[in-house]
Amino acid sequence: LPGRFGFIGLGAMGFPMAVQLCRKLPSTTSVAVFDINKAAIENFVGKVDNPTRIYAAQDAKDVAEHADCIITIVPEGSHVKVVYLTSETGLLAADTAGKLFIDSSTIDPGTSLEVGKAVSASQSTHPPSFYDAPVSGGTAGAEKGILTFMVGAAPDDPKFPLLKEILLCMGTSVNPCGGPSLGLAAKLSNNYLSGLIALATAEAMNLGMRCGLDPKVLSNCFASSSGGSWVNSTVNPVPGVSPDAVTSKNYEGGFKVQLMKKDMTLAIEAAKQVGAKLVLAGSGLAAYAAASEDPQCRDRDSRVVYRWLGGHEP
Ligand code: NAD
Numbered sequence: 100l101p102g103r104f105g106f107i108g109l110g111a112m113g114f115p116m117a118v119q120l121c122r123k124l125p126s127t128t129s130v131a132v133f134d135i136n137k138a139a140i141e142n143f144v145g146k147v148d149n150p151t152r153i154y155a156a157q158d159a160k161d162v163a164e165h166a167d168c169i170i171t172i173v174p175e176g177s178h179v180k181v182v183y184l185t186s187e188t189g190l191l192a193a194d195t196a197g198k199l200f201i202d203s204s205t206i207d208p209g210t211s212l213e214v215g216k217a218v219s220a221s222q223s224t225h226p227p228s229f230y231d232a233p234v235s236g237g238t239a240g241a242e243k244g245i246l247t248f249m250v251g252a253a254p255d256d257p258k259f260p261l262l263k264e265i266l267l268c269m270g271t272s273v274n275p276c277g278g279p280s281l282g283l284a285a286k287l288s289n290n291y292l293s294g295l296i297a298l299a300t301a302e303a304m305n306l307g308m309r310c311g312l313d314p315k316v317l318s319n320c321f322a323s324s325s326g327g328s329w330v331n332s333t334v335n336p337v338p339g340v341s342p343d344a345v346t347s348k349n350y351e352g353g354f355k356v357q358l359m360k361k362d363m364t365l366a367i368e369a370a371k372q373v374g375a376k377l378v379l380a381g382s383g384l385a386a387y388a389a390a391s392e393d394p395q396c397r398d399r400d401s402r403v404v405y406r407w408l409g410g411h412e413p
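Just so we're aligned, residue 100 is where the sequence shown starts under the working numbering, counting upward by one.
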């Protein structure tokens, strides 16, 4: 493993991922961190076991100057471009020779390919590498270090064993998806599916409860029947059904409803480009878009669509 790591984006996902990374890397490895939110950097330095190994960087370029492997996880494609391509302070403003860049943000495949090309072109004698490696598993998975990574690399890519070793510091499943941007294609397909499953589970729970069922009884029926799912059993949209999940904590934290709207939109754009017919996309996107604008739902976990539907909350 490289002896100098960098991490950019200490948000709901990035913060616990970086904590796990520091825990699993050898204690001699340095970690340079940056976020435009200064408080996130300060909290991070206070949270890790061995703060002396942490370097609080001034900007993305400063991270690249202090690291040989840099992981980025920021909200959208526009933020990824800012982090990599800003002329004076971006990652590519540093000497990138031989460095490894891993972007775990969920963004559109086109932007990822564009940034990947810019990374390759930034140094000709010893070109750096760039991989898309979006994640699934939510903030709880990030805190426990049990994320799934979908990597834009072929299984026989010579760098894949190294990527796997690095990503296993933060997760338990690292999937080579075939080539550049295919990690994102897998992630967008997955979130399209999980967003619709969450909405369908919220609707079905609301239906059954209005008919008189106790929510836990109903969720247990789903779990051992054809309507069961990870959402139903782990992060059921109805408060109280999954007591440890964000859905039982006023939907605070987790995967923001606006991010689900973003991922649905990205999936629909990708589907248009490849001619994939999506029958349920319109209703799904409309529900998440409306919930994103609702003051009772905005900034809360995406399973808050149950609240948006008018479901009963204990
Ligand atoms: P978040 O908004 O909580 O965190 C993003 C962080 O990036 C913030 O701390 C922000 O200050 C920082 N940031 C933004 N622009 C920056 C810049 N130019 N330089 C440095 N830092 C910058 O978002 P999140 O929930 O952590 O999500 C990040 C990405 O991971 C998104 O693409 C999201 O779709 C994806 N994701 C999120 C979850 C989840 O459950 N939250 C799960 C899987 C994937």
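Beta carbons: idealized from backbone N, C-alpha and C, even for Gly.
Treat the numbers as computed from the prediction; the structure is a model and nothing was measured.
Going by CA-CA distance only, name the one from the options that's closest to residue i.
i	options	result
Ile169	Lys160, Gly176, Glu175, Ser177	Lys160
Val130	His178, Gly108, Gly102	Gly102
Ala297	Arg406, Asn349, Gly251	Arg406
Tyr183	Ser272, Ala220, Asp255	Ala220
Gly237	His411, Ser382, Met116, Val378	Met116
Pro413	Val340, Pro275, Gln372	Val340
Glu302	Leu283, Gly326, Ala285, Gly282	Gly326
Pro227	His178, Ala239, Ala166	Ala166
Val234	Leu199, Met308, Cys276, Pro314	Cys276
Ala344	Ile172, Ala380, Arg399	Arg399
Ser204	Gly113, Thr346, Val162	Gly113
Leu283	Phe133, Met363, Ala138	Met363
Val162	His178, Leu212, Glu264, Asp194	Asp194
Ala239	Lys361, Pro394, Glu351, Leu306	Glu351
State buried or exposed for residue i, treating a residue as buried only when at least 16 other CB atoms are found within 10 Å of its CB.
i	result
Asn316	Rather than Asn, the amino acid found at residue 316 in this sequence is Val. When all chains shown are included, Val316 counts as exposed.
Ala375	exposed
Gln157	exposed
Asn290	buried
Gly409	exposed
Asn136	exposed
Ser272	exposed
Pro254	exposed
His411	exposed
Gly176	buried
Cys396	buried
Pro342	exposed
Gly381	exposed
Leu384	buried
Ala232	buried
Leu262	buried
Thr224	exposed
Pro279	buried
Ala111	buried
Leu281	buried
What number of angstroms, rounded off, separates the C-alpha of residue i from the C-alpha of residue j?
i	j	result
Gly105	Thr210	21 Å
Ser318	Val334	11 Å
Glu368	Ser126	43 Å
Pro174	Leu109	11 Å
Leu246	Gln119	11 Å
Gln222	Ala196	6 Å
Ala241	Gly270	8 Å
Gly251	Asp202	10 Å
Ala192	Thr185	8 Å
Lys180	Val214	7 Å
Gln372	Ala285	15 Å
Leu312	Ser323	16 Å
Thr128	Gly353	29 Å
Leu190	Gly244	26 Å
Val378	Glu164	47 Å
Ser332	Cys310	21 Å
Glu392	Gln357	9 Å
Phe133	Ala389	33 Å
Ile140	Met308	44 Å
Lys216	Lys355	30 Å
Val404	Ala370	23 Å
Leu306	Leu212	43 Å
Near residue i, which residues of its chain fall below 6 Å by C-beta distance, leaving aside the five closest residues on each side in sequence?
i	result
Leu365	Asp207, Leu287
Cys320	none
Met359	Gly294, Tyr387, Ser401
Leu470	Coverage of the chain is limited to positions 100 through 413, which leaves residue 470 absent and any answer about it impossible.
Pro150	Val144
Quick check on residue i - is its C-beta less than 8 Å from some C-beta in chain C?
i	result
Asn149	Protein chain content of the structure displayed is limited to a single chain, and chain C is not contained in it.
Skipping 5 residues on each side, what residues in its chain have a beta carbon closer than 8 Å to that of residue i?
i	result
Val330	Ser293, Ile296, Ala297, Thr300, Pro336, Arg402
Lys258	Leu199, Ser228, Tyr230, Ala252
Ser347	Pro338, Gly339, Val340, Ser341
Glu264	Leu100
Please list, in chain order, all residues of the same chain as residue i whose beta carbon is under 7 Å from its beta carbon, the five residues on each side excluded.
i	result
Val147	Val118, Cys121, Ile153
Thr188	Asp158, Ala159, Lys160
Lys123	Cys268
Could you give the uninterrupted runs of the beta strand (DSSP E) lying entirely in the segment 101-152, keeping only those of 3 residues or more?
103-107, 129-133
Report the start-end ranges of each alpha helix (DSSP H) in the segment 376-413 that is 4 residues or longer and not cut off at the edges.
380-392, 404-407
Quick check for students: name the residue ranges of the alpha helix (DSSP H) that lie wholly in the segment 298-344, counting only runs of 4 or more.
314-322, 329-333
Ignoring anything shorter than 4 residues or poking outside the segment 191-258, list the alpha helix (DSSP H) runs there in chain order.
208-220, 237-243
Could I get the ranges of all uninterrupted beta strand (DSSP E) runs contained in the segment 160-196, with 3 residues as the minimum, in chain order?
168-171
Whole alpha helix (DSSP H) elements within the segment 253-291, 4-residue minimum:
259-266
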